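Everything on this sheet refers to the single structure shown next.
There are 2 protein chains.
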Amino acid sequence: MPHHGRSRQGMTDPVHKSRVTSFDVAEKAGVNQSTVSRALKGDPAITEKTRTRIQLVAQQLGYRVDDRAARLRGGKTGTIAVIVIARSGVDFTEINPFHYNLLGSVCAAAAARGYQALVSFQSEPESYYSDYIESRQADSLIILGTSTNDAAWQFHRPLLDRNDVSSWGSPFGDHRRIASDNLTGGRLAAERLLQGGYHDLVFIGGVDDRQTQFRDRYTGFCNALANVGKSAGTPVDAAGSTRVEQGRNAVDDLIASGRTFDGLFCCCDAMALGALQALAKAEIRVPEQVGVIGFDGLTSGAHASPPLTTIEPDFKLAGTMLVDAALAGDGTNTDGRIPVHIVERASVS
Amino acid sequence: MPHHGRSRQGMTDPVHKSRVTSFDVAEKAGVNQSTVSRALKGDPAITEKTRTRIQLVAQQLGYRVDDRAARLRGGKTGTIAVIVIARSGVDFTEINPFHYNLLGSVCAAAAARGYQALVSFQSEPESYYSDYIESRQADSLIILGTSTNDAAWQFHRPLLDRNDVSSWGSPFGDHRRIASDNLTGGRLAAERLLQGGYHDLVFIGGVDDRQTQFRDRYTGFCNALANVGKSAGTPVDAAGSTRVEQGRNAVDDLIASGRTFDGLFCCCDAMALGALQALAKAEIRVPEQVGVIGFDGLTSGAHASPPLTTIEPDFKLAGTMLVDAALAGDGTNTDGRIPVHIVERASVS
DNA sequence: TTGAAAGCGCTAACAT
DNA sequence: ATGTTAGCGCTTTCAA
Numbered sequence: 062m063p064h065h066g067r068s069r070q071g072m073t074d075p076v077h078k079s080r081v082t083s084f085d086v087a088e089k090a091g092v093n094q095s096t097v098s099r100a101l102k103g104d105p106a107i108t109e110k111t112r113t114r115i116q117l118v119a120q121q122l123g124y125r126v127d128d129r130a131a132r133l134r135g136g137k138t139g140t141i142a143v144i145v146i147a148r149s150g151v152d153f154t155e156i157n158p159f160h161y162n163l164l165g166s167v168c169a170a171a172a173a174r175g176y177q178a179l180v181s182f183q184s185e186p187e188s189y190y191s192d193y194i195e196s197r198q199a200d201s202l203i204i205l206g207t208s209t210n211d212a213a214w215q216f217h218r219p220l221l222d223r224n225d226v227s228s229w230g231s232p233f234g235d236h237r238r239i240a241s242d243n244l245t246g247g248r249l250a251a252e253r254l255l256q257g258g259y260h261d262l263v264f265i266g267g268v269d270d271r272q273t274q275f276r277d278r279y280t281g282f283c284n285a286l287a288n289v290g291k292s293a294g295t296p297v298d299a300a301g302s303t304r305v306e307q308g309r310n311a312v313d314d315l316i317a318s319g320r321t322f323d324g325l326f327c328c329c330d331a332m333a334l335g336a337l338q339a340l341a342k343a344e345i346r347v348p349e350q351v352g353v354i355g356f357d358g359l360t361s362g363a364h365a366s367p368p369l370t371t372i373e374p375d376f377k378l379a380g381t382m383l384v385d386a387a388l389a390g391d392g393t394n395t396d397g398r399i400p401v402h403i404v405e406r407a408s409v410s
Numbered sequence: 062m063p064h065h066g067r068s069r070q071g072m073t074d075p076v077h078k079s080r081v082t083s084f085d086v087a088e089k090a091g092v093n094q095s096t097v098s099r100a101l102k103g104d105p106a107i108t109e110k111t112r113t114r115i116q117l118v119a120q121q122l123g124y125r126v127d128d129r130a131a132r133l134r135g136g137k138t139g140t141i142a143v144i145v146i147a148r149s150g151v152d153f154t155e156i157n158p159f160h161y162n163l164l165g166s167v168c169a170a171a172a173a174r175g176y177q178a179l180v181s182f183q184s185e186p187e188s189y190y191s192d193y194i195e196s197r198q199a200d201s202l203i204i205l206g207t208s209t210n211d212a213a214w215q216f217h218r219p220l221l222d223r224n225d226v227s228s229w230g231s232p233f234g235d236h237r238r239i240a241s242d243n244l245t246g247g248r249l250a251a252e253r254l255l256q257g258g259y260h261d262l263v264f265i266g267g268v269d270d271r272q273t274q275f276r277d278r279y280t281g282f283c284n285a286l287a288n289v290g291k292s293a294g295t296p297v298d299a300a301g302s303t304r305v306e307q308g309r310n311a312v313d314d315l316i317a318s319g320r321t322f323d324g325l326f327c328c329c330d331a332m333a334l335g336a337l338q339a340l341a342k343a344e345i346r347v348p349e350q351v352g353v354i355g356f357d358g359l360t361s362g363a364h365a366s367p368p369l370t371t372i373e374p375d376f377k378l379a380g381t382m383l384v385d386a387a388l389a390g391d392g393t394n395t396d397g398r399i400p401v402h403i404v405e406r407a408s409v410s
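These protein sequences, in sequence, are chains A and B.
Quick note, in our numbering, the first sequence goes up one by one and the last residue is 410.
Quick note, in our numbering, the second sequence goes up one by one and the last residue is 410.
Structure below.
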């Protein structure tokens, strides 16, 4: 006789065989349903003999534990939601590769911790959604993306201080966050430029309130220069619909201004790529006349002309820290700096 | 009196307030739990008055419907699993941006259909896993990635013919699949090169059995040449640990061979980028002496020197078709060709 | 229109 | 070492 009191409609009706459950396995194996549950999850209390038999039956019946049902009782989902914020109105080929890299790294780190990654791209207001945890679709949340999408970050802002949420790239400076060691990165860039024999260094990029990452890079850059009695001068920034365009415009402006310079530290690779274009157009040779360093480690930089020397963060560690911070749930290690290193290519001599 | 027979331990003990459930809302609103369920999901049978009251109470209590519990009964998960296959042993900065783009597009398409995307990167054997559907973690599955990771595809091969699975990039040719319209792409490339005044065209890339995509591009390329009474000659391929390196080596070999050529169609942008490097090293000017066209629409191509003209698929549609095919579950529209178009940059005149 | 009760498929506390 | 029996939190007949 089948399990009592819980038999499904079709249970006694062989015609109606809906999906196979642990009860089916239990019946066929001649044990109780709970024994099936234990056997299959490796409970040491179950005899190897029993376990083997149950496993066999399960396999014959094509039975698989229903993950959601299994977790319903425990309350945990075993998944971590990842929100990627890109600029509004761009398509997927235009998303900053940096964020794709970070996403990959986060997914891998989640998997390493035994978690699934539920990812969503939220660039447009109609896709804003963050109730993953409340709706028990995930245990924690990671938000990452471009700081230029203010509306999206504003939407998610209330979450940033929760200890089951970690983030990368918010334009706000008043909450815990994971980020590159921008200070060190800026310093490395300046030192490398000086070492390459360049003396008139300028910083390309915006350093306003909403670009905390860039500002930190600038600060590190200034500090390094100050150490050798030099000054960084005013950063040069320009408007543009993409980072590449901003970089190009900024360097166009810089050249037009007549200000002397022989070394450029661009706050991100995309802007550096634009800078390279502007320099080429003006027939200024890199690295002979001007040295250029970017930040991010983009693959595109490797194919630029000349290949772009850049400061790259440890992506693997970045993913790990984001996941750990989101999972910690107790505020542990939740504000982190990811080490960076210089990737030598050919835009500085 | 609260709901009978279902009260949790702490239910009567205010100290032990575990998470708030629909029973809590029901009690406080003075209705039955099932009424809460109905009201919150917009069942028209419920009075607006009742619904409003329930919504209010729910909000006060911070109640949210538990998504998994809600779906347990229905059997559907509302999520679609996405597996991304990269080459083994590479880190996340080295994953072909093409696949990242596709991933983004797939996630967006899933969201548009009301599905969540559960993504996992599976490049190493220890991460191989595909039982998402059996374990009820997802309703369908999408597998995409590089055809060069044979072991991974081999692992997933049995799934490729299921009608709740769709894929992009497998090295096998005997199953339903979504892919670029490679034939047309190859033709467009040849036509554009001819139109640019180049006459001696060669195809760079492998066309063996496991590279069905490349072979189709080559076929389209040949067809277009045949149409004007020309022949494509032998494709040139070379070994290398990355596509870029393969392209570079192939063109090095081509130059060394003494074979004349003035137009190159590279089977993918990564190889085209390598080709550009080899050409530059040999001081062959592009597009003046040799025209080059790639395939994929990579952003890196836009920053190469000269910017790479390429054939790009409609990413948005690709994501949509992959999702639709996986969701169809009935074999509908499950074998598709994504339209491609030429992106004019500066590597052909 | 709403309530009562029976599950969805599984885990876990409590027995034996 | 295994069986019993409650649930996990919600949806959905079936009544009223």
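The beta-carbon is built from N, C-alpha and C at its ideal position, and this holds for glycine as well.
Treat the numbers as computed from the prediction; the structure is a model and nothing was measured.
For residue i: DSSP bridge partner residues
i             : result
residue 327/B : 265/B
residue 355/A : 371/A
residue 311/B : Answer is none; residue 311/B lacks a bridge partner.
residue 140/B : 177/B
residue 418/A : Any answer about residue 418/A is impossible in this case: the structure gives chain A only from 62 up to 410.
Backbone secondary structure at residue i - three-state DSSP
i             : result
residue 203/A : strand
residue 112/B : helix
residue 106/B : coil
residue 272/B : coil
residue 215/A : helix
residue 376/A : helix
residue 198/A : coil
residue 384/A : helix
residue 361/A : helix
residue 316/A : helix
residue 147/A : coil
residue 228/A : strand
residue 409/A : coil
residue 297/A : strand
residue 343/B : coil
Cα-Cα separation, residue i to residue j
i             : j             : result
residue 209/B : residue 151/A : 30 Å
residue 105/A : residue 375/A : 41 Å
residue 253/A : residue 401/A : 14 Å
residue 357/A : residue 304/B : 22 Å
residue 80/B  : residue 171/A : 25 Å
residue 302/B : residue 153/B : 16 Å
residue 307/B : residue 299/B : 5 Å
residue 113/A : residue 173/A : 29 Å
residue 184/A : residue 360/A : 23 Å
residue 381/B : residue 143/B : 13 Å
residue 318/A : residue 157/A : 30 Å
residue 242/A : residue 203/A : 19 Å
residue 110/B : residue 124/B : 19 Å
residue 284/B : residue 186/A : 46 Å
residue 85/A  : residue 122/A : 8 Å
residue 405/B : residue 127/B : 50 Å
residue 213/B : residue 234/B : 16 Å
residue 216/A : residue 231/A : 11 Å
residue 310/A : residue 388/A : 42 Å
residue 281/B : residue 321/B : 22 Å
residue 129/B : residue 141/B : 14 Å
Residue i, enclosing beta strand (DSSP E) - first and last residue
i             : result
residue 398/B : 397–399
residue 181/B : 177–182
The alpha helix (DSSP H) enclosing residue i, as first and last residue numbers
i             : result
residue 163/A : 158–173
residue 249/B : 243–256
residue 97/A  : 94–101
residue 134/B : 128–135
residue 83/A  : 83–90
Do the stretch 116–126 of chain A and the stretch 91–107 of chain A touch if we need at least three Cβ pairs shorter than 8 Å? yes
May I ask you to verify whether the stretch 341–354 of chain A touches the stretch 275–295 of chain A, counting CB pairs closer than 8 Å and requiring at least 3? no
So does the stretch 242–260 of chain B actually touch the stretch 213–230 of chain B, counting three or more Cβ pairs closer than 8 Å? no
Three Cβ pairs or more, each shorter than 8 Å: is that satisfied between the stretch 324–340 of chain A and the stretch 333–352 of chain B? With a cut-off of 8 Å, the stretch 333–352 of chain B and the stretch 324–340 of chain A do not count as touching, because too few Cβ pairs lie within range.
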